[in-house]
Every structure is written in C-alpha cells, then in structure tokens.
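Chemist: Can you keep this structure in mind? I'll have questions shortly.
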Amino acid sequence: MHENNIALLCSEAERLLQLNIHLLNKMLEEPNVLVDNMQSSKEQLFNKNKAIKRIEELQGEQTKITRKEMVLAVVGTMKAGKSTTINAIVGKEVLPNRNRPMTSIPTLIRHVPGKTIPDLQLNNVEPIEQLIVALRKKITTDEGKKLALELNNDPEKRKLLSIVTDDTWLKKNYCGEADIFTCLTCLNDLVRLATALRVEFPFEAYKDVHELPVIEVEFSHLTGMDDSQGTLTLLDTPGPNEAGQPQLQAMMRDQLQKASAVLAVLDYTQLNSEADQQVRKELNDIAEVAAGRLFVLVNKFDQKDRNSDDAETVKQTVPAMLANGALNSDRVYPGSSRHAYLANRARSIVSQADKLSTSEEWVEDFAQLAFGYTWEEEDLFDLKSVSQSADRIWRRSLFDKLITEVIQAAHAKAAALAVDSAAAKLVQNAENTNEYLSVRHQGLLTSIQTLKAQINDLLSDINNIGTCQKNVDGEVGSAMKGITREIDTLLKDAEKTLKDSLSHYFKNGKSKEREAFEAQLPATQPARGLFSSFINTVAGGQRSAPRDFDPNESEVKFEEQSEAIKFIQQIEESVSSLLAETETKIKPTLTEIVANIEKSFYGTAMQAVENIARQINTRLEDDGFTVNINFPKVNQLQTNLAVRTRMTNLLEEKTYSESRRRRSSGAWGSVCKLFNTDDWGWEDYSVNVTRSMVNIKKIQTAVVEQTKEHFAELNQTIETHINQPILQEIETFFRAFKSKVEQLRNTLIQSREDHENNQHEQEQLTERLQELRKLTPEMIRDSKALKEELEPML
C-alpha cells in the first residue's frame, strides 16, 4: 500500500463526510424538509431522528479518518470472557476481571507504540461529579435512608456507599494497571449504586466517542509493526444484557453501529447447552447492527473434552446461530483468551530476562497451567523452561490465528479500513437522502389526484403483501408437515438400526463393525504345544481382538478406580461411535430436506412478491418517482447436530469382606515361620476392601435411555436450527418488505399534506428540496468511486 495513495483517499473521505454532514444539517435546518418523528407516529423514509443519528455516525467516521484509526468494538455475551480477551490482545491486564458484568461506560483502548505503562484519561469528569452530589443528597432523604439501610445489610453491597463518601478516587488521569483498575471498578460500582438508590446514571453524557474514557498502551502483538498506515483501537462495549441496564443496551447498539468492525466473544461452554437460546439471542442482537463487519471468538475452547464439538464444528455452528447470514465460518475463531493472556504475559517478561514473581496473582495461574498443580517456585527460575511452556500454552490457545488475521491485519490496514468504514456509511447516507428528497420533491410536482391514487394503491399493495405472507406461510407450513413425516420416518429407521447395533454390542461385547473387520484379517497359524497354545489364548490371536467387556459377566470388578474409568470410557467410545455413525447417515438427508424447504419458499408465492415489487416500481416510475422497492435474500439454512454421552457417573464403589491367611501370632507361629511350613502355623482372618464396580446391565439401560434422549435432542435440534429459523426468516423478510412500503406511503401522505399549504409555501419547499437534491447524485457517485478505489488495498 502506498502512503501517498491512502493519504489522498483519506482526504477524499473527509471531503465527502463534510458534504454529507452539511447536507443533513441543511435538511434539519430547512423548514418542513424533515418531520419530527416525535410529532408523527407514522415513520417515513427519512426523518429528523434518523438525520441526527446519521450525523453522529459520520462525525465518528471523521474522527477515525483524522486519526487513521480502525476501531474494533469488542462485545461479549454474559460471562464469555470479554475483559480477558482484551487483556490477551493488549498483552497487559488493563481491564479488571469480575464474575459480574464490568463495563459501565464504553472504554477505548488505543495502541500507542512505545507506551509500556498504560494510562487512562477520563476527560468528561463533570457528569460523574454531579452524580456523586445527587447520590449524597439522595441518601439524606427518607427513601434514600431506607435504600441505604438495605445496602448496609448486604455484605457485598455495603462497600458501594463508600464510593460517594470518599471520592478521592475520581480524577482525570490514571497511570498504571492498579490505578486504572481503581477507576474502572469504581465507575462500575457507581452504576450499581445509582441503580440501587434509584438515581439515573448520566449515560447520555458518554454517547459520543470523544467523551469516552481512553486507555493508551502499546499492544504487545503490534510491537515493531509499521504504524504509518494508521493505528488500531479497541472499544470495550457493554454486552447485550450488561447489568440489566436498558441505557447500556442502547449505548451498545449505538457504539457497535459507529465501530469499523466488531469482535463478538462467545462462551464455548454455553453452546449446545441450556443457555444456548440466550447466547443465540445475544449474538443476533449484536449481528443485527454489525452485519458484514463481524468476527467471533468462541472463548474457553480449552474446556473442550473428547465428547465436545471440535474447532471445525464450532466454525460451522456459530454462523448458523445467526438469522440473517451476517457471518462466514472463516470469521469464527475458537480459542482460549485466558491461556493466551497468561502465555503472552509470561513470554513478555522472560524476553526481558526477568523471572516471574509469585507476588503477582496471574503468575500462580500461569505456573499451574505450565507445571501442574504440584508446581513449586523453583520451576519459575529456569527461564528457558518457562519460555518453552509459555510458547506451548500460546500455541494451544489457538489465539495466534485471531491475532494474525484480525488484530495485526486490522492494524496494518487501519487507515484503509477506516476509509472503507466511512465509504460504506457515505454510500448508504447519500442513497437514503437522495431517495427521500426525490420522493418529497416529486410529490410536490405531482397532482393531488395522482398522489391519492398512489397512496391508495400502496395500501392495497400492503394488504397484498399480507395475503402473500399467508400464502407463503401456508405453502411452507404444508411442506414442513410433509418434511416432518419424512424426518420422523428417517429418525425411526435410524433409531431402530442403532438399537439393533447396541443390542448386538451388549450381547457380544463388541460391535458388528469390529467383528467384520476381524473376519477380514488373515487367519493365524494353529498353535503347537501347550506353551504356544497358552500364549495364543492370552494374546487373543491375530484374528480375535479383545472385547470391550465379557457379556457373560453382569458386574466387572477393578482393583483401581482409574482402571474402572478407563473401562467405562472404552465402552463409551464404542457407543459414541455408533451414535456418530448414525448421525453421519442422517445428515445428508437432512441437508436435502432443508434444500426442499428453501425450494418451497421460492415457489409460486415468492414469485407473487416479486410481482408486487415490480408493479410498485413501475407504477412509481410512470408518475416520475425514483425509488426502488426490493426485498432481502433468504438466509441459507444449516444443520448442526452434536453427539453427547455420559457414563462415568455409573461407576460404583462397593465394600466386600475378604478372607485372608496370615502367620499365627505367638511362639507357635514364629516356630512354623522358621521352618517355612505351608500348613502349620497359619490362621484365617477377614478384612473389608473397597473395589470399583461396573454393572454392565446398568450401563446398557443407561445407553438405551441416552439413545432415546439423543433422538429427542435431534428432533429438538431440527426444530431449533431448521424449522424456527425458516419461520423467523419469513417473518423478517415480510416485516422488512412491508415496512419499506409503509414508509414510502407515509412519505407520500406527507407530500399530500404539503399540497394543503398555500402556493407560496409550496414553491419555497419545492425549491429547497430541489436544491438539496442536486447535491446527492455527485455524493453517491464519488462515495461509490471511493469504495472501488479501496478494494485493491483491502
């Protein structure tokens, strides 16, 4: 990338941003151009609220262009490890970690080369100072005293009151990790205290990016990289359900809209769990405002066990959770932020020839990970060993791919990405304003009779869309019923096949597949002699591999618990393979079923929708209106199934009384021991021993129950991942289509009302709209050209 080229593109982006902002301000200032949406419940193609929001977005883009800054917003679902992820990217613990939500105000973390000690600037302190004064006053009221007493009775919340009694923590600058921790923790607790005392927190004062707290520090993964092409800044944002604060949720959506790109952090342990629906909802809330700019880290992947989804399955599962196709699988990164953070921090210290100090809390976490729970402080003295362990932990964290493909790539192209982010918003704004101004202007030039006809026709179109939706619902519903029957038959056949396989397995102690494989092996030579016969029997021969268990024994006893666990795991693996094999056979059929559903969706009813859109466009064009009514594409559906088994809880511990022999006590036993007698001088005694037991019948019963559960889960998965997304997609499709037509109709109604003004006012408004509209074609053309020039650089 040539520095001169990007400088020219930045300059062009700044020019277009200024033009767009100027246009929007003019539209707000000119009388009767934009309707105040507070005065009208009928939403138009454009209004004052949309214009104000758009100005804020474009001003944010101006700031990023000036700084050549690419802002990557980081947002996490509940307890997903967002703060740990940011710390892992930065290479320092700049954000505190708590089990409860921590982000009270969005915070910028900016990469500044050479700045090894982080600092935080809290530029807008005044709203916090005013809040503290308000809280102090509230505590003196009768209601406040009662609420404060409730806080005092709660050991955890009692300390919140000290934030307002001692505000020495509040200042404009904080230096070092400990100082930053104090600031962010107190801000978070202040939000909690304000909520508890029913005093409103001044979130509105921090809606603009330049008002947010800023942490400046060098990101360890960007050390030594060329920063002439711009810089990377992270934006720590509240999660979709952070602290239950509606204001924070609105702030989250606003900040994600303004960011250049978004990194969503999910909790791997919550996928395919009872919390899956909540995670799905939160992720869709994020994707709704970050489509096309979204990356996903599936955190805590280090907690994967052998029955959990592997990395490739996760990369396919997450995009399928989104209702609008906002994510490709190559933008999903399974990994462990905690492992990455610990490894990166240890490597950073060792690279400076320093040893790790156990006085720092994170060092103990690292040592346990590197050397096990029995680690000793001496293990940390060997810097080479520490470095090798840190490298190994880093590799296993799978974080390198995220750092390379997202963080370093974003930094290297920060200026180009900042321009690209601006260009996308410029094209959108120019097209939206052009469409609105065109409709309003043409509405004044069109006769009142033509307007009324168009308005009535659009109402008919809206009704037709409703009818069309019913037809599509009916068509897809009918297809679903047939498909449900197909799936029921498919699953019943699969369940019967699996049941037969499991029955054979427990009857013979091994699967049919293993027996078939053994039958193909060459026969062994017959054993000669007693010794070789004995060896062949013990070894099991070349043709006959050992069984998982002896089907003739109802219980199997083990001296050591570890042996029992290994035995159960062997059975579990065999059962899992049977379940997985069944699932593999089902998937192609399910994929074909999904294709049939989509084919049904694109049937005759959808052609009717296309006809409605075509008729609206043609009718509008005939009367001089330039507006394009279209409808969104249907998201591609995917199937994601997962096998689960759990048998280790069937391990039993039983105590038995065993008879044993020992030398008799006393002189007689001593004499017999001297002569080494086999029969004299011995006595019998009993001892209680505990053994690990595995009951094969119980395992078989558990497997049968698990199989039923497995197929019930398959049915639920089909309902959750196929049926519901289809219905949701249809609903979203028609809602968007209908909304656009309604906005168009409401805008024409506004034009009809314009005709009620006197001739002079109509002429003035027509002139204003015409002058404003003249600006948009060039803005659209130049914004699209800017985007095209950027493509080779990206």
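Residues in the sequence shown are numbered from 1 upward in steps of one, following the UniProt record's numbering. Backbone N, C-alpha and C fix where the C-beta goes; we use that ideal spot for every residue, glycine too. These numbers come from a predicted model, not from an experiment.
Going by C-alpha distance, which of Gln759, Thr84, Ser659, Arg347 is nearest Tyr685?
Modeler: Against the sequence shown, residue 685 aligns to sequence position 685. Comparing Cα-Cα distances from Tyr685 to each of Gln759, Thr84, Ser659, Arg347, the minimum goes to Ser659.
Chemist: By the DSSP assignment, the alpha helix (DSSP H) with Asn508 in it spans what residues?
Modeler: Counting from one through the sequence shown, the residue named residue 508 turns up at place 508. Where Asn508 is concerned, the enclosing alpha helix (DSSP H) stretches over 448 to 508.
Chemist: Using DSSP with H/G/I as helix, E/B as strand and the rest coil, what is Gln121?
Modeler: Residue 121 sits at position 121 when you count from the first residue of the sequence shown. Looking at Gln121 - three-state DSSP - the assignment turns out to be strand.
Chemist: Bridge partners for Ala73 per DSSP, in chain order?
Modeler: Position 73 of the sequence shown, counted from the start, is the residue given in the question as residue 73. DSSP, once it has assigned bridges, lists Leu235, Val262 as partnering Ala73.
Chemist: Nearest to Lys42 by alpha carbon, out of Gln743, Lys774, Thr776, Ile780?
Modeler: Counted from its first residue, the sequence shown places residue 42 at position 42. It is Gln743.
Chemist: Enumerate in chain order the residues of its own chain whose CB-to-CB distance from Lys452 is below 8 Å, with the five nearest sequence positions on each side excluded.
Modeler: Working through the sequence shown from its first residue, we reach residue 452 at position 452. Answer for Lys452: Arg752, listed in chain order.
Chemist: Is it true that the CB of Gln255 sits closer than 8 Å to the CB of Ala494?
Modeler: For the purposes of this step, residue 494 is identified with residue 494 of the sequence shown, where counting begins at 1. For the purposes of this step, residue 255 is identified with residue 255 of the sequence shown, where counting begins at 1. No, the pair does not count as a contact, with Cβ atoms beyond the cut-off.
Chemist: Whose C-alpha, out of Gln762, Lys82, Glu69, Ile565, is nearest the C-alpha of Asn299?
Modeler: Taking the first residue of the sequence shown as 1, we reach residue 299 at position 299. With distances taken between Cα atoms, Asn299 lies closest to Lys82.
Chemist: When we look at the beta-carbon of Thr140 and count the other beta-carbons within 10 Å, is it buried (16 or more) or exposed?
Modeler: As a first step, residue 140 is located in the sequence shown; it is residue number 140 there, counting from the start. So Thr140 counts as exposed.
Chemist: Kindly indicate which three-state DSSP category Met793 falls into: helix, strand or coil?
Modeler: As a working note, residue 793 is residue 793 in the sequence shown. Correct three-state label for Met793: helix.
Chemist: Taking the alpha carbon of Lys492 as the reference point, which residue from Ile403, Glu778, Ile586 has its own alpha carbon closest?
Modeler: Within the sequence shown, numbered from 1, the residue matching residue 492 stands at position 492. Selected option, being the one with the closest Cα: Ile586.
Chemist: In angstroms with no decimal places, state the Cα-to-Cα distance between Ile741 and Glu713.
Modeler: By 1-based counting over the sequence shown, the position of residue 741 is 741. By 1-based counting over the sequence shown, the position of residue 713 is 713. A small correction: the amino acid at residue 741 is Val; Ile does not occupy that position in the sequence shown. In a straight line, the C-alpha of Val741 is about 41 Å away from that of Glu713.
Chemist: Give me, in chain order, the residues of the same chain whose beta-carbon lies closer than 7 Å to that of Val125; leave out the 5 immediate sequence neighbours on both sides.
Modeler: Locating residue 125 in the sequence shown gives position 125, counting from the first residue. If we look at Val125 and ignore the five residues flanking it on each side, its Cβ neighbours are Leu170, Lys172.
Chemist: Does the distance from the CB of Asn25 to the CB of Ile55 come in under 8 Å?
Modeler: The residue labelled residue 25 in the question sits at position 25 within the sequence shown. The residue labelled residue 55 in the question sits at position 55 within the sequence shown. In contact: Asn25 and Ile55 (Cβ atoms closer than 8 Å).
Chemist: Could you spell out where the beta strand (DSSP E) holding Phe399 opens and where it closes?
Modeler: What you label residue 399 is simply residue 399 of the sequence shown in a count that begins at 1. Note, Phe399: premise wrong, no beta strand (DSSP E); alpha helix (DSSP H) at 399 to 402.
Chemist: Can you list the alpha helix (DSSP H) stretches of 4 or more residues lying completely in the segment 660 to 718, in chain order?
Modeler: 667 to 674, 696 to 718
Chemist: Please go through the same chain and pick out, in chain order, the residues whose beta-carbon is closer than 8 Å to the beta-carbon of Ile86, but skip the five residues on each side of it.
Modeler: The residue labelled residue 86 in the question sits at position 86 within the sequence shown. Cβ within range, chain order: Val74, Val94, Leu95, Ile109, Leu234, Asp236.
Chemist: Let me confirm a value: Asp330 is counted as buried when at least 16 other C-beta atoms fall within 10 Å, else exposed. Which label applies?
Modeler: On the sequence shown, residue 330 is found 330 positions in, with the first residue counted as 1. Within a 10 Å sphere around the beta-carbon of Asp330 sit fewer than 16 other beta-carbons, which makes this residue exposed.
Chemist: Does the count of Cβ pairs from the segment 392 to 406 and the segment 336 to 346 closer than 8 Å reach three?
Modeler: yes
Chemist: Mark Glu69 as exposed unless 16 or more other C-beta atoms lie within 10 angstroms of its C-beta, in which case mark it buried.
Modeler: Within the sequence shown, numbered from 1, the residue matching residue 69 stands at position 69. Per the 10 Å Cβ criterion, buried.
Chemist: Does the beta-carbon of Ala353 have 16 or more other beta-carbons within 10 angstroms, so that it is buried, or is it exposed?
Modeler: Residue mapping note: residue 353 aligns to position 353 of the sequence shown, counting from 1. Exposed, by the Cβ-count rule.
Chemist: Near Leu444, which residues of its chain fall below 8 Å by C-beta distance, leaving aside the five closest residues on each side in sequence?
Modeler: Indexing the sequence shown from 1 puts residue 444 at position 444. Cβ neighbours of Leu444 beyond the five flanking positions: Ser751, Asp754, His755, Gln762, Leu765, Thr766, Leu769.
Chemist: Determine the closest residue to Ser11 out of Val472, Pro202, Ile730, Ala418, with distance taken between C-alpha atoms.
Modeler: Here residue 11 refers to the residue found at position 11 when the sequence shown is read from its first residue. The residue with the shortest Cα to Cα distance from Ser11 is Ala418.
Chemist: Excluding five sequence neighbours on each side, which residues of the same chain lie with their C-beta closer than 7 Å to the C-beta of Asp189?
Modeler: Along the sequence shown, one-based indexing puts residue 189 at 189. Excluding residues within five positions, the ones whose Cβ falls inside 7 Å are Leu160, Ile163.
Chemist: Would you mind reading off the limits of the alpha helix (DSSP H) that contains Tyr341?
Modeler: Start at 1 with the first residue of the sequence shown, and residue 341 comes out as number 341. Unbroken alpha helix (DSSP H) run through Tyr341: 337 to 350.
Chemist: CA-CA distance, Leu356 and Glu378?
Modeler: To locate residue 356, count along the sequence shown from 1; it is residue 356. To locate residue 378, count along the sequence shown from 1; it is residue 378. Using only the alpha carbons, I get a separation of about 11 Å.
Chemist: Near Cys672, which residues of its chain fall below 6 Å by C-beta distance, leaving aside the five closest residues on each side in sequence?
Modeler: One-based indexing of the sequence shown puts residue 672 at position 672. Same-chain partners within the cutoff: Trp680, Gly681.
Chemist: Let me know if Thr639 comes out buried or exposed under the rule of 16 or more other beta-carbons within 10 Å of its beta-carbon.
Modeler: Numbered from 1 along the sequence shown, position 639 holds the residue referred to as residue 639. Unreliable positioning characterises Thr639 in this predicted model, as indicated by a pLDDT of 39, which lies under 50. The coordinate reading is nonetheless provided below. So Thr639 counts as buried.
Chemist: Leaving out five residues before and five after Lys401 in sequence, what residues of the same chain have Cβ atoms less than 8 Å from its Cβ?
Modeler: Taking the sequence shown and counting its residues from 1, one reaches residue 401 at position 401. Hits under 8 Å: Tyr333, Gly335.
Chemist: Count the other C-beta atoms from every protein chain shown that fall within 10 angstroms of the C-beta of Gln44, then say buried if there are 16 or more, exposed otherwise.
Modeler: By one-based count along the sequence shown, residue 44 stands at place 44. With 16 or more other Cβ atoms within 10 Å, it is buried.
Chemist: According to DSSP, His111 sits in a beta bridge with which residue or residues?
Modeler: Here the question's residue 111 lines up with position 111 in the sequence shown. Its beta-bridge partners are Val217.
Chemist: Using a Cβ-Cβ cut-off of 7 Å (strictly less than) and excluding sequence neighbours within five positions of Asp36, which residues of its own chain qualify?
Modeler: As a position in the sequence shown, residue 36 is number 36, starting the count at 1. Same-chain partners within the cutoff: Lys48.
Chemist: For Thr537, I'd like the list of residues in its chain whose CB is within less than 7 Å of its CB, leaving aside the five on either flank, ordered along the chain.
Modeler: Taking the sequence shown and counting its residues from 1, the one referred to as residue 537 is at position 537. Interpretation of Thr537 is limited by its pLDDT of 34, a score under 50 that renders its predicted location unreliable; the figure taken from the coordinates is listed afterwards. No residues qualify anywhere along the chain.
Chemist: Since I believe Pro113 is in contact with Ile180 (beta carbons under 8 Å), could you give me their beta-carbon distance rounded to a whole number of angstroms?
Modeler: Taking the sequence shown and counting its residues from 1, one reaches residue 180 at position 180. Taking the sequence shown and counting its residues from 1, one reaches residue 113 at position 113. So it is not a contact: roughly 19 Å between Cβ atoms.
Chemist: By Cβ distance, which residues of its chain are closer than 8 Å to Leu427, with the 5 residues on each side in sequence left out?
Modeler: Taking the first residue of the sequence shown as 1, we reach residue 427 at position 427. Leu is not the amino acid found at residue 427; the sequence shown has Val there. Here the set comprises Ile780, Ser783, Lys784, Lys787.
Chemist: Going by alpha carbons, who is nearest to Gln303 out of Lys499, Asn552, Leu271?
Modeler: Within the sequence shown, residue 303 is the residue found at index 303, counting from 1. Selected option, being the one with the closest Cα: Leu271.
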